[in-house]
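Take any residue in the sequence shown, count from 1 to its spot, add 1: that is its number in this note's numbering. We put the CB at the ideal spot given by N, CA and C, even for glycine. Every value quoted in this text rests on a predicted model; they were computed, and no experiment measured them. Below you'll find the structure, written out as structure tokens, and then a few comments.
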Amino acid sequence: MTEKIHVEFCVDLNGDASGETYKMKREMDFRPCVGDLVYIWDLTDDPFVVDHIVLDFPDDNDEHRNGITAWLKPQL
2 MTEKIHVEFC VDLNGDASGE TYKMKREMDF RPCVGDLVYI WDLTDDPFVV
52 DHIVLDFPDD NDEHRNGITA WLKPQL
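Here it is, written out as structure tokens:
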């Protein structure tokens, strides 16, 4: 059985670092990579692109310390 990795996908909704972010946690069989397309159906039908990856969740998140955070941006 494959170990799952905990991924928190984050989107800066305004694109201005104002703090308004959408977060979605998932368990996956593989680690997403920069450039991967991610669909978040309740935000838009268009995919987001993985912009950069942080190797651990923020300090204020104690749920899954073995995860990563994948920051997304709109597709250009």
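For leucine 44, the closest of His7, Ala18, Pro75 by C-alpha to C-alpha distance is Pro75. In the displayed model, alanine 18 falls within coil according to three-state DSSP, outside both helix and strand. Inclusion of threonine 70 and cysteine 11 in the CB contact set at 8 Å is warranted, their separation being smaller than that value. With a cutoff of 8 Å on beta-carbon distance, lysine 5 and glutamate 28 are scored as near each other. Following the DSSP letters along the chain, one finds isoleucine 41 in no beta strand (DSSP E), marked with neither H nor E.
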